[in-house]
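FYI, the numbering for the sequence shown is 39 to 519, going by our numbering.
We put the beta carbon where it would ideally sit given N, CA and C, even for glycine.
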Amino acid sequence: MAISNSHALLLVSPGMGHIIPALELAKRLVSHKIISKVTCLCGSIKTSTPSNVETQVLQSAINENLFDLIQLPPIDLNNLHIKTKIATIMHEIPKLFVSTISIMNLNPTVIITDFFFSQVIPLIDEKLKLSMPKFAFAPTNAWLVALGLHSPTLGKQIQGEYINPISIPGCKSVEPHDLFDMLNDKTNRLYHEFVEACQGAALANGIFVNTFHELEPKTLEALGCGHITKVPVYPVGPIVRQISPSPGPNPRSDVVEWLEKQEEESVVYVSLGSGYTMSHEEIKEMALGLELSGTKFVWSVRPPVTKAGNDHYLTAGEESEIGTTLVSSNFEPSNSFPDEFYRIQTNGFVITDWAPQLDILKHPSIGGFVTHCGWNSVIESVSCGVPIIGWPIFADQKMNATMLAEEVGNGIRVEVSPSTKMVGREGLAKAIKKMMDKDDIEGCVMRERAKKLKVLAERAWSSDGSSYLSLSKITHSNGVW
39 MAISNSHALL LVSPGMGHII PALELAKRLV SHKIISKVTC LCGSIKTSTP SNVETQVLQS
99 AINENLFDLI QLPPIDLNNL HIKTKIATIM HEIPKLFVST ISIMNLNPTV IITDFFFSQV
159 IPLIDEKLKL SMPKFAFAPT NAWLVALGLH SPTLGKQIQG EYINPISIPG CKSVEPHDLF
219 DMLNDKTNRL YHEFVEACQG AALANGIFVN TFHELEPKTL EALGCGHITK VPVYPVGPIV
279 RQISPSPGPN PRSDVVEWLE KQEEESVVYV SLGSGYTMSH EEIKEMALGL ELSGTKFVWS
339 VRPPVTKAGN DHYLTAGEES EIGTTLVSSN FEPSNSFPDE FYRIQTNGFV ITDWAPQLDI
399 LKHPSIGGFV THCGWNSVIE SVSCGVPIIG WPIFADQKMN ATMLAEEVGN GIRVEVSPST
459 KMVGREGLAK AIKKMMDKDD IEGCVMRERA KKLKVLAERA WSSDGSSYLS LSKITHSNGV
519 W
């Protein structure tokens with residue numbers, strides 16, 4: 039039961055990977071009567087092209103009438119490098135949040151911030167002198183949270199670049215080639231912004247993480263024993279959207295109709311997310327890999343660019359998600375898809391605009407998911423019981439892919455060729471065959487593990503589940519809400 043008149047302010051980061059889980063958390067706080075009112079303050083970016091899917095997600099949330107939503111003044115990021123853009127967002131939005139709530143009569147009883155904006159916690163104490171409880175919400179796995187909280191110590195212990203495996207007390211070590219992008223370069227502004235955010239999170243009353251105990255038991259135990267942090271860490275996942283946001287009247291019908299005609303667990307779904315655009319050559323290689331695998335597929339892909347890149351990282355969910363390129367001149371669209379892309383379409387279904395990912399993953403015809411391993415996609419796949427073929431690209435994706443393959447056991451990872459700097463057709467085909475072949479022993483083990491995780495994920499948010507109890511007990515501990 040929510041404490042009467044309890045009111046949470048939730049600071050939401052731009053980008054679909056942050057917006058979706060934050061809004062879903064807000065919905066659960068209210069619908070499960072953990073808190074009586076939530077006001078979301080959303081960071082935004084100036085763009086010449088109006089957001090589409092992101093707008094749809096925000097409008098859908100408003101229509102449910104579960105919480106209020108306030109848009110913070112937009113930040114101008116024109117002509118900035120991708121890392122500088124992210125660093126600027128992390129630096130400016132916490133200040134905008136503080137200035138906004140200082141002039142509005144919001145009267146919160148608790149504040150929740152995106153983990154990557156946790157530097158707002160000491161800022162609130164300093165500028166506003168507000169003493170209510172403050173929490174951080176990490177839309178990531180717990181392993182990354184452990185790494186982040188340990189990063190100030192690592193920075194003092196290890197000078198220069200990370201060369202050897204990076205030890206985190208009680209957790210799996212992180213290989214340097216898997217390291218979270220923000221920690222790669224200690225001379226970069228982004229590194230210092232992230233470490234500052236982690237130091238802010240260490241001052242919180244607690245940290246919510248979009249994972250569940252059965253998915254990361256070892257890491258959560260390590261976070262709870264006090265060697266990494268004294269701050270309580272609460273696994274509250276899986277927090278996933280209940281339905282796919284839709285930019286059109288009925289975008290799901292064609293692909294679902296096609297899936298209805300396929301055999302159970304016979305189709306592989308392929309999507310590298312909306313934050314990355316493939317080159318002409320990469321699309322060709324992926325097409326040939328799908329062809330070599332002999333497996334039916336649903337492939338969500340945008341038109342190729344002359345140079346692959348992650349400049350969509352911040353515009354993912356805007357017009358970029360439905361096929362319009364919002365990037366610099368280095369990322370010009372190429373003339374067309376390669377011939378191989380068209381040739382293989384008789385064996386699958388191709389989506390070049392918006393893909394209803396949850397509808398696809400939930401369909402019984404889907405037997406595997408080739409994904410960039412963004413955490414939203416991972417947690418959706420886990421919730422749907424679909425095993426994962428990891429094709430990580432940037433950010434936390436390499437850590438996610440490694441965790442799934444080496445600790446969780448519901449996935450495998452394809453490797454980039456040192457010579458071509460791409461995932462080769464043979465490597466992709468081999469991974470798909472292993473995952474989809476009913477006679478492959480390793481594939482069978484991964485598929486069974488994925489199905490078991492689906493059950494555990496559903497149980498985590500039942501009335502006596504680990505995540506529901508984890509979030510609910512905050513209400514009763516010390517009467518903070």
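Item, Value
"DSSP has C78 in a bridge; who is on the other side?", "L48 and L107"
"From L261, D219 and F173, pick the residue whose C-alpha is nearest to that of G238; which is it?", "F173"
"Hey, quick one: how far does the beta strand (DSSP E) through P273 stretch, first residue to last?", "V271 to P273"
"In the structure shown, what three-state DSSP assignment does S508 receive?", "helix"
"Just the C-alpha distance for G406 and G423, rounded to the nearest angstrom, thanks.", "9 Å"
"Applying the criterion that 16 or more other CB atoms from any shown protein chain within 10 Å of the CB defines a buried residue, is R381 buried or exposed?", "exposed"
"I'd like to know whether the C-beta atoms of V274 and S500 end up nearer to each other than 9 Å.", "no"
"Excluding the 5 residues flanking M473 on each side, which residues of the same chain have their C-beta closer than 8 Å to its C-beta?", "V306, G405, G406, P425, I427, I450, G481, M484 and R485"
"Go ahead and label M142 buried or exposed: buried means 16 or more other beta carbons lie within 10 angstroms of its beta carbon, across all protein chains shown.", "exposed"
"Grouping DSSP H, G and I as helix and E and B as strand, with all else coil, what is T151?", "strand"
"Within its chain, find whatever has a CB closer than 8 Å to the CB of K256; leave out the 5 residues flanking it on each side and keep chain order.", "G208, C209, K210 and E445"
"Which partner residues does F407 have in the DSSP bridge list?", "Y307 and I426"
"Report the option in S415, K322, L182 and L442 whose CA atom is closest to the CA atom of E378.", "K322"
"For I450, list the residues DSSP reports as bridge partners.", "I427"
"In the structure shown, what three-state DSSP assignment does S137 receive?", "helix"
"Drop a sphere of 10 angstroms on the beta-carbon of I479, count the other beta-carbons inside from all chains shown, and report buried for 16 or more, exposed for fewer.", "exposed"
"Using C-beta distances below 6 Å, list every residue in its chain close to V416, excluding the 5 sequence neighbours before and after it, in chain order.", "N438"
"With DSSP collapsed to three states, give me the class of I268.", "Correcting the residue identity first, residue 268 is Lys in this sequence and not Ile. The answer is coil: DSSP assigns K268 none of H, G, I, E or B."
"Could you give the C-beta distance for I73 and S51, rounded to a whole number, given that I count them as a contact under 8 Å?", "At roughly 20 Å, the Cβ-Cβ gap does not stay under 8 Å, so I73 and S51 are not in contact."
"Which term fits V278, buried or exposed, when burial requires 16 or more other beta carbons within 10 angstroms of its beta carbon?", "buried"
"Going along the chain, which residues of its own chain have a beta-carbon closer than 6 Å to the beta-carbon of S205, five neighbours each way excluded?", "S211"
"Keeping to the same chain, check which residues put their C-beta closer than 7 Å to that of I58; ignore five residues upstream and five downstream.", "V95, R279 and N414"
"CB F153 to CB G81, shorter than 9 Å?", "no"
"Taking L187 and C236 to be in contact with their CB atoms under 8 Å, please state how far apart those CB atoms are, rounded to whole angstroms.", "6 Å"
"In this structure, how does DSSP classify S415 when only helix, strand and coil are distinguished?", "helix"
"With burial defined as no fewer than 16 other Cβ atoms inside 10 Å of the residue's Cβ, what is the status of K334: buried or exposed?", "buried"
"Pull up the distance between the alpha-carbon of T225 and that of G244, whole angstroms please.", "30 Å"
"Using three-state DSSP, classify T85 as helix, strand or coil.", "coil"
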